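Numbering (the working numbering), first residue to last: 20 to 120. Even for Gly, the Cβ is constructed at its ideal location relative to N, Cα and C. Being a predicted model, the structure only gives us computed values, none of them experimental. Following: one structure in C-alpha cells, then a few remarks.
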Amino acid sequence: MKKAYLVAVPTVTNPDMFAKEYASKVADTLKPFDGKFLVRTPEKLVKEGDETTLTVVIEFPNKEKALGWYNSDEHQKIVVQRRKATDPKSTIVICEESDSY
Numbered sequence: 020m021k022k023a024y025l026v027a028v029p030t031v032t033n034p035d036m037f038a039k040e041y042a043s044k045v046a047d048t049l050k051p052f053d054g055k056f057l058v059r060t061p062e063k064l065v066k067e068g069d070e071t072t073l074t075v076v077i078e079f080p081n082k083e084k085a086l087g088w089y090n091s092d093e094h095q096k097i098v099v100q101r102r103k104a105t106d107p108k109s110t111i112v113i114c115e116e117s118d119s120y
C-alpha cells in the first residue's frame with residue numbers, strides 16, 4: 020500500500036484560538052489512524068507563492084487512514100475551531116505516494 024500525506028499550509032488569523040482549541044488537541048486524534056507529524060513548524064523559507072503561517076505534513080499508512088482521520092468524529096469536533104482561527108483560503112491536501120505527476 021502507498022503511504023498518504025496530509026499537507027497543510029494555513030494562514031493563522033487567531034493564533035491563541037488556533038493553539039488552544041486545535042493545535043494542542045489534534046495529535047491525540049491522529050493516534051487511532053496511525054498518523055504522525057513529519058513537519059509541524061512556522062519555520063520555513065517561502066520561495067514562491069503566498070506567505071503562510073505554518074507548514075504541516077502528516078504521514079499515514081494509506082489514503083483510507085488519512086481520510087478516516089480527517090472525517091472522524093474526534094477530528095471534526097475540533098476542526099471547526101481551526102476553521103475559525105485560519106484564513107478560509109488555507110490549503111489542506113491529502114495525497115498518496117506516486118512516481119508520476
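Note down the Cα distance separating residue i from residue j, rounded to an integer number of angstroms.
| i | j | result |
| --- | --- | --- |
| V26 | F37 | 17 angstroms |
| S119 | V112 | 17 angstroms |
| E67 | L49 | 30 angstroms |
| W88 | I97 | 12 angstroms |
| T32 | D69 | 15 angstroms |
| V65 | V28 | 11 angstroms |
Would you mind working out which of the options sits nearest residue i, comparing C-alpha positions?
| i | options | result |
| --- | --- | --- |
| G136 | K108, Y120, Q100, K82 | Residue coverage of the chain in this structure runs from 20 to 120, which leaves residue 136 outside it and unanswerable. |
| E40 | R102, I113, D106, D118 | R102 |
| P61 | A42, E115, H94 | A42 |
| A104 | T30, Y120, A85 | T30 |
| Q100 | K44, T72, A23, K22 | K44 |
| D106 | E116, T71, E115, I113 | T71 |
| F52 | T74, K108, K22, L73 | K22 |
Following the continuous alpha helix (DSSP H) through residue i, name the residue where it begins and the one where it ends.
| i | result |
| --- | --- |
| E115 | It is not in any alpha helix (DSSP H) - E115 instead sits in the beta strand (DSSP E) that spans 110-115. |
Just to confirm the assignment, what range does the beta strand (DSSP E) spanning residue i have?
| i | result |
| --- | --- |
| A27 | 23-28 |
Original post:
Are the segment 93-101 and the segment 66-81 touching, with three or more C-beta to C-beta distances below 8 angstroms?
Top reply: no
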